[in-house]
Amino acid sequence: MPDFATRVHALPRLGLGVSTEYGATRSDGALDPAELRAGHPTYATFLEVGVEIIKGLDESASAWAAAGHPTTYHFLDINLDDPDDQDDAWLAGVRALIATMRPAWLCGDAGLWHFGRRDRGHMLLLPPILVAEAVAPLAAGIRNLRAATGLEVLPENPPGSAYVGDLHLLEFFARVAEAADTGLLLDCAHLAMYQRLAGHAPRTGFDHVPWDRVVELHIAGGSEHRDGAFTWIEDDHGTAVLPDTWEIAEEAVARATNLRAVVVECERNPIPATLPLFARVAELVAPRFRP
Ligand SMILES: [Fe+2]
Numbered sequence: 004m005p006d007f008a009t010r011v012h013a014l015p016r017l018g019l020g021v022s023t024e025y026g027a028t029r030s031d032g033a034l035d036p037a038e039l040r041a042g043h044p045t046y047a048t049f050l051e052v053g054v055e056i057i058k059g060l061d062e063s064a065s066a067w068a069a070a071g072h073p074t075t076y077h078f079l080d081i082n083l084d085d086p087d088d089q090d091d092a093w094l095a096g097v098r099a100l101i102a103t104m105r106p107a108w109l110c111g112d113a114g115l116w117h118f119g120r121r122d123r124g125h126m127l128l129l130p131p132i133l134v135a136e137a138v139a140p141l142a143a144g145i146r147n148l149r150a151a152t153g154l155e156v157l158p159e160n161p162p163g164s165a166y167v168g169d170l171h172l173l174e175f176f177a178r179v180a181e182a183a184d185t186g187l188l189l190d191c192a193h194l195a196m197y198q199r200l201a202g203h204a205p206r207t208g209f210d211h212v213p214w215d216r217v218v219e220l221h222i223a224g225g226s227e228h229r230d231g232a233f234t235w236i237e238d239d240h241g242t243a244v245l246p247d248t249w250e251i252a253e254e255a256v257a258r259a260t261n262l263r264a265v266v267v268e269c270e271r272n273p274i275p276a277t278l279p280l281f282a283r284v285a286e287l288v289a290p291r292f293r294p
């Protein structure tokens, strides 16, 4: 297989997109991706579909795929570092959805989506342990899933209200990217959470990042909370993006030379409330996605 520096040239430039999860559009006042695309085509050039194999696609994701619009496949049910998790039944489900959705690639938080066996509705999502020993198993899982599907598998830095391990999160993912020879998905809001918890400035560790591997960015709202002396950021996917997240996103857009896709994660908000956020992100990424 050619190396990632060669493979990345075959990845399509998707532009600015929006995310969804099973049933998200059914919640009160939530965004309908098709309606967003109809009214504001440049804000929804593709749909990032959050997938649990046991649930499959909901009606809005199915309709989007049936219309032939571009998608990416965001997994919500795989612990990449566990070889037993990529069992035959799960892989058959993944391949079937790929045939339906024709996603440009697979991506998703590279953490623990479940504890113990996979089961319906887990959606636990803990970050990986940030130690050198955790790099190889995660990289092996990425390589295995890439080989099993024929698509790139972009690991994403997960959210968390506590992180364990001695490596900076960006150094950990840089090592994973190297070991798996893969591209990366940088979630700017998740990184802002991590930096705040670790007592770092928003751009600490940026020199660790192999920026030519960063294919996709996520930008999302967050809110700050305090309980006694403990403060943390909740990844609430609202429309208020924290200044730290903007700082990270602006620098990432400038540095990521192979950027192909940016997702605004705001799936449970009404369209009018999201438009100012989409407008600002569209302006930010325009230099990268100009025809
Ligand atoms: Fe994300």
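Numbered according to our numbering, the sequence shown spans residues 4 to 294.
The C-beta atom is built at its ideal place from N, Cα and C for all residues, glycine as well.
A quick note: this is a predicted structure, and the numbers were derived from the prediction, not measured.
- For residue 127, no beta strand (DSSP E) encloses it, and the DSSP letter there is neither H nor E.
- With fewer than 16 other Cβ atoms inside 10 Å of its own Cβ, residue 226 counts as exposed.
- Taking a contact to require three or more Cβ pairs closer than 8 angstroms, the segment 191-201 and the segment 22-39 do not qualify as touching.
- The beta strand (DSSP E) runs lying completely inside the segment 201-242 and spanning 3 residues or more are 217-223, 226-230 and 233-237, given in chain order.
- Membership of residue 267 in the beta strand (DSSP E) is indicated by the continuous run 264-268.
- For residue 12, the shortest separation between its Cβ and any heavy atom of ligand 1 does not lie below 7 angstroms.
- In this structure, DSSP gives residue 190 an extended state, which the three-state scheme calls strand.
- The way I'd put it, the segment 170-184 doesn't touch the segment 240-247; fewer than three beta-carbon pairs between them come closer than 8 angstroms.
- Linking residue 156 to residue 275 through their CA atoms gives a straight-line distance of about 33 angstroms.
- Looking at the DSSP output, residue 76 shares a beta bridge with 52 and 109.
- Looking at the DSSP output, residue 156 sits in a beta bridge with 109.
- Pairwise C-beta distances place the segment 131-140 out of contact with the segment 87-105, as fewer than three of them are shorter than 8 angstroms.
- The three-state reading of DSSP puts residue 141 in helix, counting H, G and I together.
- Selection around ligand 1 by beta-carbon proximity, strictly under 5 angstroms to any non-hydrogen atom, yields 190 and 221 in chain order.
- Between residue 14 and residue 107 the beta-carbon gap is near 7 angstroms, inside 8 angstroms, which marks them as a contact.
- Annotation for residue 245: no alpha helix (DSSP H) segment contains it, and DSSP assigns it neither H nor E.
- Annotation: residue 8 to residue 95 spans about 29 angstroms, alpha carbon to alpha carbon.
- Within the DSSP secondary-structure output, residue 30 pairs in no beta bridge.
- With 16 or more other CB atoms across the displayed protein chains lying within 10 angstroms of its CB, residue 77 is buried.
- For the 8 angstroms CB-CB criterion, residue 57 and residue 120 do not form a contact.
- Within the same chain, and ignoring the five residues on either side of residue 228 in sequence, the residues whose Cβ sits closer than 8 angstroms to its Cβ are 234, 235, 236 and 237.
- A distance below 7 angstroms between beta-carbons, with the five flanking residues on each side excluded, links residue 288 to the following residues of its chain, in chain order: 19, 256 and 265.
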